[in-house]
Amino acid sequence: MTYQLHYWPSIQGRGEFVRLALEAAGADYVDVARRPPAEGGGGAALVRH
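Count the sequence shown with our numbering and you get residues 45 to 93, in order.
Next comes the structure, spelled out in structure tokens:
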């Protein structure tokens, strides 16, 4: 199972604690905010959800 991490990257610290927990657990995740728009990421992807 792959998790999707959704957060506003312009607001510092908002997604960091969750990202660190996913990293520590060795979980598969996609950082939607930092993913290229061509791959379904970026600001437009955040607005859709």
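All residues carry an ideal CB built from backbone N, CA and C; glycine is no exception.
### Query
Taking Cβ positions, are Asp72 and Thr46 nearer each other than 7 Å?
Counting from one through the sequence shown, the residue named residue 72 turns up at place 28. Counting from one through the sequence shown, the residue named residue 46 turns up at place 2. Their beta carbons are under 7 Å apart, which means Asp72 touches Thr46 by this criterion.
### Task
Please determine if the segment 49–56 and the segment 77–86 are in contact, where contact requires at least 3 C-beta pairs separated by less than 8 Å.
yes
### Query
Do Arg11 and Leu49 have their C-beta atoms closer together than 7 Å?
Since the first residue of the chain shown is 45 and the last is 93, residue 11 is not available in this structure.
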